[in-house]
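See structure below.
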Amino acid sequence: MIIQFEIALNPRKRGFHLITTEILGALPNLPRIGLLNLFIQHTSAGLTINENADPSVRIDFETIFNKLVPENDPDFIHVLEGKDDMPAHIKSSILNASITIPIENGKLALGTWQGIYLGEFRNHAGSRRLICTLYY
Amino acid sequence: MIIQFEIALNPRKRGFHLITTEILGALPNLPRIGLLNLFIQHTSAGLTINENADPSVRIDFETIFNKLVPENDPDFIHVLEGKDDMPAHIKSSILNASITIPIENGKLALGTWQGIYLGEFRNHAGSRRLICTLYY
Amino acid sequence: MIIQFEIALNPRKRGFHLITTEILGALPNLPRIGLLNLFIQHTSAGLTINENADPSVRIDFETIFNKLVPENDPDFIHVLEGKDDMPAHIKSSILNASITIPIENGKLALGTWQGIYLGEFRNHAGSRRLICTLYY
Chain A
9 MIIQFEIALN
19 PRKRGFHLIT
29 TEILGALPNL
39 PRIGLLNLFI
49 QHTSAGLTIN
59 ENADPSVRID
69 FETIFNKLVP
79 ENDPDFIHVL
89 EGKDDMPAHI
99 KSSILNASIT
109 IPIENGKLAL
119 GTWQGIYLGE
129 FRNHAGSRRL
139 ICTLYY
Chain B
9 MIIQFEIALN
19 PRKRGFHLIT
29 TEILGALPNL
39 PRIGLLNLFI
49 QHTSAGLTIN
59 ENADPSVRID
69 FETIFNKLVP
79 ENDPDFIHVL
89 EGKDDMPAHI
99 KSSILNASIT
109 IPIENGKLAL
119 GTWQGIYLGE
129 FRNHAGSRRL
139 ICTLYY
Chain C
9 MIIQFEIALN
19 PRKRGFHLIT
29 TEILGALPNL
39 PRIGLLNLFI
49 QHTSAGLTIN
59 ENADPSVRID
69 FETIFNKLVP
79 ENDPDFIHVL
89 EGKDDMPAHI
99 KSSILNASIT
109 IPIENGKLAL
119 GTWQGIYLGE
129 FRNHAGSRRL
139 ICTLYY
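Protein sequence lines correspond, in order, to chains A, B and C.
Read in the numbering used here, the first sequence has 32 at position 24, and its numbers run on one by one without any break.
Read in the numbering used here, the second sequence has 49 at position 41, and its numbers run on one by one without any break.
Read in the numbering used here, the third sequence has 60 at position 52, and its numbers run on one by one without any break.
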């Protein structure tokens with residue numbers, strides 16, 4: 009069985025954001041066992057799983073990703089869409105366009121400290137669209 | 009239902025390459041809803057989803073990945089297979105061996121600006137083999 | 009068909025470790041065709057696919073990941089759980105919480121040189137729990 013639906017995430021400012029609650033609110037009743045694939049249809053944002061408790065973790069993520077891919081790199085040639093654009097593409101691929109999460113006992117089988125992150129890498133982005141595919 | 013087949017990608021020079029057309033050409037008729045998993049059977053190349061329009065994005069990807077994992081790092085100890093070899097392994101894991109793409113309305117549900125990238129990290133590589141698994 | 013089970017990995021010291029044999033030993037008889045999803049329920053460790061032969065590759069992985077995300081970064085604000093904690097979260101997302109591997113002819117379809125890696129990013133971690141989901 010496969011069920012598929014779209015989620016339009018609320019727009020968020022640049023940075024890393026916990027979206028677990030928003031995802032859970034959009035899911036139908038879950039099967040006992042299965043897998044959920046989330047796929048973001050954008051190339052300047054990404055998805056990952058990480059720490060769900062301390063907001064300072066998400067701030068440090070933004071700090072470190074900005075160091076890994078600095079905006080002012082003089083070697084960038086794709087610069088017409090703004091200083092944040094090319095770094096956003098790279099960060100999107102370092103993170104991921106897609107994550108797959110198991111479903112166990114009718115719930116997402118996230119560990120105690122795991123949440124779903126949106127990495128928003130543009131300075132002024134709108135809503136981000138996810139394709140959710142549930143198979144069981 | 010699961011269908012599985014292999015694709016031997018055309019050899020490409022070192023760098024990031026858009027392979028969407030080559031993948032689409034190898035796919036059978038797609039179901040209305042499903043998922044496609046692409047898995048590359050190599051440890052010095054990788055797959056990701058990113059911008060499909062401006063070739064300068066792929067050039068900047070190569071530039072930045074070479075800065076993230078410099079070839080001349082004196083701390084590398086795995087050096088017998090060439091200066092490009094150990095960085096290729098690291099880059100392969102920063103990118104990914106495998107991507108999962110949803111199928112919606114009988115098509116890959118890529119966003120408007122999304123394409124499938126091969127990251128080729130060796131200086132002189134041959135054809136790369138992908139295992140494609142389609143489930144629906 | 010979906011089968012799901014948990015694996016408690018043996019505790020390992022900080023670094024990159026080949027866990028292919030441990031995973032294979034925990035798997036049931038595999039179907040002819042399918043996919044295996046491995047999901048680690050922790051935010052300071054990760055999974056990837058990489059070179060399975062030369063142990064020096066895993067040492068270089070540890071070296072480079074420590075350079076990508078240095079422990080002594082004065083800009084970290086999430087520091088209460090130890091100097092290794094925040095870098096561990098970042099490394100976990102650079103690697104991955106989850107990998108999907110095709111099954112072909114009743115075996116994991118890993119390439120000749122591919123193995124499954126655990127990236128253990130804490131100095132003193134215990135057993136790590138994986139959710140394994142096999143669908144075919």
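The beta carbon of each residue, even a glycine, is placed where N, CA and C say it ideally should be.
Here residue 25(A) is buried. Its C-beta has 16 or more other C-beta atoms within 10 Å.
The beta carbon of residue 95(B) sits closer than 6 Å to those of 77 and 79, all from its chain and outside the five residues before and after it, given in chain order. When C-alpha distances from residue 123(A) are compared across 14(A), 45(A) and 61(A), the shortest belongs to 61(A).
A contact is defined here as three or more CB-CB pairs under 8 Å, and the region 41-59 of chain B meets this definition with respect to the region 128-135 of chain B. Cβ-Cβ separation between residue 110(C) and residue 107(B): approximately 12 Å, too far for a contact (criterion under 8 Å).
For residue 137(A), the beta-bridge partners assigned by DSSP are 16(A). Neighbours of residue 67(C) in chain B, taken as residues whose beta carbon is under 8 Å from its own, are 85 and 86 in chain order. Put simply, the region 66-76 of chain B does not touch the region 29-36 of chain C. Fewer than three CB pairs are less than 8 Å apart. Listed in chain order, the non-local C-beta contacts of residue 91(B) below 6 Å within the same chain comprise 79, local neighbours out to five positions each way being set aside.
Taking a C-beta distance under 9 Å as the contact criterion, residue 102(C) and residue 102(B) qualify as a contact pair. Exposed is the label assigned to residue 18(C), since fewer than 16 other Cβ atoms lie within 10 Å of its Cβ. In terms of beta-carbon proximity, residue 93(B) stays away from the interface with chain A, with every pair separated by 9 Å or more. Here the alpha carbons of residue 143(A) and residue 11(A) stand approximately 6 Å from one another.
For residue 105(C), there is no enclosing beta strand (DSSP E), as DSSP marks it with neither H nor E. Only residues of its own chain outside the window of five on either side were considered, and among them none has a CB closer than 7 Å to the CB of residue 37(A). Taken through DSSP and simplified to helix, strand or coil, residue 123(C) comes out as strand. In the three-state scheme derived from DSSP, where H, G and I count as helix and E and B as strand, residue 97(A) is classed as helix. With fewer than 16 neighbouring CB atoms inside 10 Å of its own CB, residue 120(A) falls in the exposed class. Contact of residue 42(C) with chain B by beta-carbon distance below 9 Å involves 10, 12, 141 and 143.
Taking all protein chains in view, the Cβ of residue 40(B) is surrounded by fewer than 16 other Cβ atoms within 10 Å, so the residue is classified as exposed.
The continuous alpha helix (DSSP H) containing residue 72(C) extends over residues 63-76. Listed in chain order, the positions of the region 111-130 of chain B with a beta carbon within less than 9 Å of a beta carbon of chain A are 111, 112, 117, 118, 119, 120, 121, 122, 123, 125 and 127.
Shortest Cα-Cα distance from residue 99(B) to any of 23(B), 15(B) and 13(B) involves 23(B). Chain-order list of chain A residues neighbouring residue 108(C): 108, by C-beta distance under 7 Å.
In this structure, the alpha-carbon of residue 82(C) lies about 47 Å from that of residue 15(B). Residues of the same chain with a CB within less than 8 Å of the CB of residue 74(B), apart from the 5 flanking positions on each side, are 95 in chain order.
With respect to the C-alpha of residue 65(C), the residue from 136(C), 125(C), 141(C) and 137(C) having the closest C-alpha is 125(C). Neighbours of residue 47(C) across chain A, judged by C-beta separation under 8 Å: 108, 109, 110 and 117.
Scanning its chain for C-beta atoms nearer than 6 Å, with the 5 sequence neighbours on each side dropped, one finds around residue 9(A) the residues 144, in chain order. For residue 50(C), the chain A residues whose Cβ falls inside 7 Å of its Cβ are 119, in order along the chain. Counting along the chain, the unbroken beta strand (DSSP E) around residue 59(B) starts and ends at 53-59.
Within chain C, no C-beta atom comes less than 8 Å from the C-beta of residue 27(B); the nearest is roughly 18 Å away. In the three-state reduction of the DSSP assignment, residue 42(A) falls in the strand class, which pools E and B.
Boundaries for residue 23(C): no alpha helix (DSSP H) harbours it, while the beta strand (DSSP E) harbouring it runs 23-26, taken from the DSSP string. Collapsing the DSSP output to three states places residue 128(C) in a strand.
Chain-ordered, the chain C residues with CB closer than 7 Å to the CB of residue 62(A) read 86.
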